[in-house]
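*Asks:* If you scroll down you'll find the structure; I have some questions about it.
2 protein chains.
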Amino acid sequence: MPLSEHTESVQDYLKSIFDIQREHGRVATTMLAERLGNSPASVTGMIKKLAALNLVEYEPYQGAVLTPAGEKIALEVIRHHRLIERYLAEALGVPWDQVHAEAEKWEHVLSEDLEDRIDAVLGYPTTDPHGAPIPGRDGTLPPPHTTRLCDLQSGQSATVAEVSDHDPAMLRYFAELGLRPGADVTVVAVAPFGGPLTVRLDNAEHAVGREVAGYVAVCNVTSGG
Amino acid sequence: MPLSEHTESVQDYLKSIFDIQREHGRVATTMLAERLGNSPASVTGMIKKLAALNLVEYEPYQGAVLTPAGEKIALEVIRHHRLIERYLAEALGVPWDQVHAEAEKWEHVLSEDLEDRIDAVLGYPTTDPHGAPIPGRDGTLPPPHTTRLCDLQSGQSATVAEVSDHDPAMLRYFAELGLRPGADVTVVAVAPFGGPLTVRLDNAEHAVGREVAGYVAVCNVTSGG
DNA sequence: GGGCGGTTTTAGGAATACCTAAATATACCA
DNA sequence: TGGTATATTTAGGTATTCCTAAAACCGCCC
Numbered sequence: 100m101p102l103s104e105h106t107e108s109v110q111d112y113l114k115s116i117f118d119i120q121r122e123h124g125r126v127a128t129t130m131l132a133e134r135l136g137n138s139p140a141s142v143t144g145m146i147k148k149l150a151a152l153n154l155v156e157y158e159p160y161q162g163a164v165l166t167p168a169g170e171k172i173a174l175e176v177i178r179h180h181r182l183i184e185r186y187l188a189e190a191l192g193v194p195w196d197q198v199h200a201e202a203e204k205w206e207h208v209l210s211e212d213l214e215d216r217i218d219a220v221l222g223y224p225t226t227d228p229h230g231a232p233i234p235g236r237d238g239t240l241p242p243p244h245t246t247r248l249c250d251l252q253s254g255q256s257a258t259v260a261e262v263s264d265h266d267p268a269m270l271r272y273f274a275e276l277g278l279r280p281g282a283d284v285t286v287v288a289v290a291p292f293g294g295p296l297t298v299r300l301d302n303a304e305h306a307v308g309r310e311v312a313g314y315v316a317v318c319n320v321t322s323g324g
Numbered sequence: 100m101p102l103s104e105h106t107e108s109v110q111d112y113l114k115s116i117f118d119i120q121r122e123h124g125r126v127a128t129t130m131l132a133e134r135l136g137n138s139p140a141s142v143t144g145m146i147k148k149l150a151a152l153n154l155v156e157y158e159p160y161q162g163a164v165l166t167p168a169g170e171k172i173a174l175e176v177i178r179h180h181r182l183i184e185r186y187l188a189e190a191l192g193v194p195w196d197q198v199h200a201e202a203e204k205w206e207h208v209l210s211e212d213l214e215d216r217i218d219a220v221l222g223y224p225t226t227d228p229h230g231a232p233i234p235g236r237d238g239t240l241p242p243p244h245t246t247r248l249c250d251l252q253s254g255q256s257a258t259v260a261e262v263s264d265h266d267p268a269m270l271r272y273f274a275e276l277g278l279r280p281g282a283d284v285t286v287v288a289v290a291p292f293g294g295p296l297t298v299r300l301d302n303a304e305h306a307v308g309r310e311v312a313g314y315v316a317v318c319n320v321t322s323g324g
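Top line first, the protein sequences correspond to chains W and B. One point on numbering: in my numbering, the residue at position 191 of the first sequence is 290, and numbering is uninterrupted. One point on numbering: in my numbering, the residue at position 59 of the second sequence is 158, and numbering is uninterrupted.
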C-alpha cells in the first residue's frame with residue numbers, strides 16, 4: 100500500500116490533519132479549510148471521503164480524527180516532505196526559505212526506492228533544515244517540543260530546536276538573526292505587556308516580537324549564568 | 100510563462116506530440132493515443148484544447164502539428180525529463196532502467212531554480228543516460244541520429260549513440276550486453292531474411308534480433324578493418 | 001429557554017480529463 | 001466509381017475536486 104494509492108489531495112489533507120491534530124486534538128473543518136486554502140464546504144466533502152476510506156473518524160459537526168491507517172499515510176507523506184527538504188538544502192544548496200515549496204510538490208511523486216537512496220546519501224538524518232523531526236520508515240516520530248522562545252524568562256539560555264517553516268519571509272528573518280536549529284540563544288530582557296524579547300545570538304543582540312518568538316521551539320533551557 | 104502554467108496532461112501531450120512529429124511529421128490521433136495509453140476519442144478532445152491554446156495547429160482528420168509556442172513548452176518538458184534522468188543516475192545511483200519512470204513524475208513539478216542547480220551540479224551535461232540529447236535552456240536540440248544498429252553491414256563498426264528508453268526490460272538487456280552510449284560495437288555478421296545480427300561488444304559476441312537493433316542509434320560508422 | 005452568531009453541512013454547479021458507443025470522414029482497392 | 005476498412009470525431013457519461021449560496025446545527029448569553 101504505497102502512497103501512490105491515494106491522490107495528492109488525499110495526501111495533503113492527511114498531512115494537514117496530522118499537523119492540526121498534534122496541536123489541537125480535534126480537527127475542525129474551518130481550521131483545515133484555512134490551512135489548505137479551500138472552502139469549508141469543500142473540506143466537509145473531502146472529510147466524508149476520507150471517512151469512507153477509513154482514514155479518519157468523522158462525526159458531523161464534531162470534527163475529524165485520523166485512524167491508525169490515516170496516521171500511517173500522513174507520516175509517510177511528512178517523511179517524504181522532510182527528507183526532501185533536507186536533501187535539497189544539503190545536496191543542492193537550495194536556500195532554507197525555498198525548500199518547503201519545492202518539497203510540497205515533489206513529496207507526492209517520490210518513489211520508495213528513491214526515498215531510500217536519498218535517506219542513505221544523507222546518512223539517515225533525523226531532522227529537516229528547520230529542525231522538525233523526520234519520521235522513521237516505521238512511522239515513529241518523537242513528541243513535539245513543548246517550550247518556545249517566548250516562554251523563556253529574562254536571563255535564561257537555550258538551544259534553538261525548531262523554527263516554523265510556513266512563511267519564507269520569516270525564515271529569511273531568522274537566518275539573518277542566526278536563529279537556526281542548534282544555535283545558542285540567551286534572553287537578555289523581556290519587555291512587559293507582551294512586548295518584544297531582547298535576545299543574544301552570535302554575540303549580537305536583537306529585539307524579537309513576542310508573537311514571532313512563538314514560532315521558535317527551544318530545548319536545553321538553563322537559568323541564570 | 101513557466102511550465103506550471105499548463106496542466107500535467109498538457110505537458111505530456113506536447114512532449115509526445117514532439118516525439119512523434121520528429122519521426123513522422125504529422126501527428127495522427129491514433130498514434131498519439133497509443134503512446135499516451137488513452138483512447139483516440141480522448142485524444143481528439145485534448146488536441147482541440149491544445150489548438151484553442153495555440154499550442155498546436157489542428158485540422159480535423161488531418162492531424163496536429165506543434166506551433167512554436169507548443170514546441171517551446173515541449174522542449175522545456177523534455178529538458179526537465181532528461182536532466183532529471185541524468186541526475187538520478189549520476190547523483191543517486193538509480194539504475195538506468197528506472198530513471199525514466201521516476202523522471203516522468205518529477206519533470207512536471209521541477210522549478211526553474213532547481214533545474215538550474217541540477218544542471219550546474221552535473222556540469223551542464225548534453226545527454227541523458229540513454230544518450231538522448233538534453234535540450235538547451237534556449238530550446239536548442241541537435242538533429243536526431245539517422246543511423247541505427249540494424250542499418251549496419253557486416254564488418255562495419257560504430258559507436259553507440261543512443262538507446263530507446265521506453266522498455267525497462269530492454270534496457271536491462273542492453274546493459275547486460277554492454278550496449279550503452281559511447282560503447283564501440285562491431286557487426287560480425289548479418290543473417291539474411293531479417294534474421295539477427297551478430298555483434299561484438301567488449302570482446303564478446305552476441306546475437307541481437309534485427310528489430311531490437313532498430314532501437315539502437317549509432318554514429319562514427321567505419322567500414323572494414 | 002429563546003435567540004443569535006459563528007460553524008458546518010447540504011444543494012447545486014463548474015472545470016478537467018478520461019471513457020464507450022455510435023456516427024462520420026478518408027483512403028484505398030476493385 | 002462504389003464499397004469497405006480504418007481513422008477520426010461526436011455524443012453522452014463518469015470521477016475527482018473544487019466553488020458559492022442557502023440551510024441546518026451548536027453553543028453561549030441574557
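Heads up, the beta-carbon is just placed ideally off N, CA and C, and yes, glycines get one too.
Under the three-state reduction of DSSP, which class applies to D283/W: helix, strand or coil?
*Replies:* Position 184 of the first sequence, counted from the start, is the residue given in the question as residue 283/W. Correct three-state label for D283/W: strand.
*Asks:* So R185/B is in the alpha helix (DSSP H); what residue range does that whole segment cover?
*Replies:* For the purposes of this step, residue 185/B is taken as the residue at position 86 of the second sequence. Looking at the DSSP string, the run of the alpha helix (DSSP H) that includes R185/B is P167 to L191.
*Asks:* Compare the Cα-Cα distances from N302/W to each of V286/W, P291/W, F292/W and A188/W and report the closest residue.
*Replies:* For the purposes of this step, residue 302/W is identified with residue 203 of the first sequence, where counting begins at 1. Among V286/W, P291/W, F292/W and A188/W, the Cα nearest to that of N302/W is on V286/W.
*Asks:* Taking the alpha-carbon positions, what's the P241/B to L131/B distance?
*Replies:* Numbered from its first residue, the second sequence carries residue 241/B at position 142. Numbered from its first residue, the second sequence carries residue 131/B at position 32. Going by the C-alpha atoms only, they are around 23 Å apart.
*Asks:* Using only CA atoms, which one of L251/W, R236/W and L182/W lies nearest to V317/W?
*Replies:* Here residue 317/W is taken as the residue at index 218 of the first sequence, counted from 1. The residue with the shortest Cα to Cα distance from V317/W is L251/W.
*Asks:* Output, in chain order, the set of chain W residues within a Cβ distance shorter than 7 Å of K204/B.
*Replies:* On the second sequence, position 105 is the one that residue 204/B refers to. By Cβ distance, chain W contributes V208.
*Asks:* Can you give the beta carbon distance from L102/W to I183/W, rounded, assuming they're within the 8 Å contact cut?
*Replies:* In the first sequence, the residue the question calls residue 102/W occupies position 3. In the first sequence, the residue the question calls residue 183/W occupies position 84. Contact doesn't hold; Cβ gap of about 13 Å is too wide.
*Asks:* Enumerate in chain order the residues of its own chain whose CB-to-CB distance from V289/W is below 6 Å, with the five nearest sequence positions on each side excluded.
*Replies:* For the purposes of this step, residue 289/W is identified with residue 190 of the first sequence, where counting begins at 1. Closer than 6 Å at the Cβ level, and outside the excluded window around V289/W, lie S253 and L296.
*Asks:* If you follow the beta strand (DSSP E) that Y272/B is part of, which residue opens it and which one closes it?
*Replies:* Within the second sequence, numbered from 1, the residue matching residue 272/B stands at position 173. Per DSSP, Y272/B belongs to no beta strand (DSSP E); it is in the alpha helix (DSSP H), P267 to L276.
*Asks:* So, helix, strand or coil for T129/W, using DSSP?
*Replies:* Walking along the first sequence from the start, residue 129/W turns up at place 30. Three-state DSSP puts T129/W in a helix.
*Asks:* Between L300/W and chain B, is there a C-beta pair that is closer than 8 Å?
*Replies:* Stepping through the first sequence from its first residue, residue 300/W is reached at position 201. With 8 Å as the cut-off, L300/W does not count as an interface residue toward chain B.
*Asks:* Among the candidates V320/B, C249/B, R299/B and N319/B, whose CA atom is the shortest distance from the CA of F292/B?
*Replies:* Within the second sequence, residue 292/B is the residue found at index 193, counting from 1. The candidate whose alpha carbon is nearest that of F292/B is C249/B.
*Asks:* I need the boundaries of the alpha helix (DSSP H) containing L109/B, first residue and last residue.
*Replies:* Taking the first residue of the second sequence as position 1, residue 109/B is located at position 10. Just to set this straight, residue 109/B is Val in the shown sequence, not Leu. Its alpha helix (DSSP H) spans residues E107 to H123.
*Asks:* Counting only Cβ-Cβ distances shorter than 8 Å, please list the residues of the stretch 173 to 195 of chain B near chain W, keeping chain order.
*Replies:* The residues in question are L187, A190, L191, G192 and V193.
*Asks:* For the candidate residues E201/B, Y112/B and A219/B, whose alpha-carbon lies nearest to that of E133/B?
*Replies:* The residue given as residue 133/B occupies position 34 in the second sequence. Of the candidates E201/B, Y112/B and A219/B, the one whose C-alpha sits nearest the C-alpha of E133/B is Y112/B.
*Asks:* If you compare alpha carbons, which of T321/W, E203/W, E201/W and R121/W is closest to T258/W?
*Replies:* Counted from its first residue, the first sequence places residue 258/W at position 159. Comparing Cα positions, the closest option is T321/W.
*Asks:* Is it a yes or a no for the stretch 204 to 214 of chain B touching the stretch 158 to 166 of chain B, going by three-plus beta-carbon pairs under 8 Å?
*Replies:* With a cut-off of 8 Å, the stretch 158 to 166 of chain B and the stretch 204 to 214 of chain B do not count as touching, because too few Cβ pairs lie within range.
*Asks:* Need the endpoints of the alpha helix (DSSP H) that E201/W sits in, please.
*Replies:* Position 102 of the first sequence, counted from the first residue, corresponds to residue 201/W. First-last of the alpha helix (DSSP H) with E201/W: V198 to W205.
*Asks:* What is the rounded straight-line gap between the Cα of R279/B and the Cα of A190/B?
*Replies:* Sequence index remark: in the second sequence, residue 279/B carries index 180 (1-based). Sequence index remark: in the second sequence, residue 190/B carries index 91 (1-based). When rounded, the distance between both Cα atoms is 19 Å.
*Asks:* Measure the alpha-carbon distance for H244/W versus N319/W and round it to whole angstroms.
*Replies:* Counting from one through the first sequence, the residue named residue 244/W turns up at place 145. Counting from one through the first sequence, the residue named residue 319/W turns up at place 220. Their Cα atoms are separated by approximately 11 Å.
*Asks:* Identify each residue in the stretch 210 to 221 of chain B for which the Cβ-Cβ distance to at least one residue of chain W is less than 8 Å, and report them in chain order.
*Replies:* So the list reads S210, D212, L213, R216, I217 and V220, given in the order they occur along the chain.
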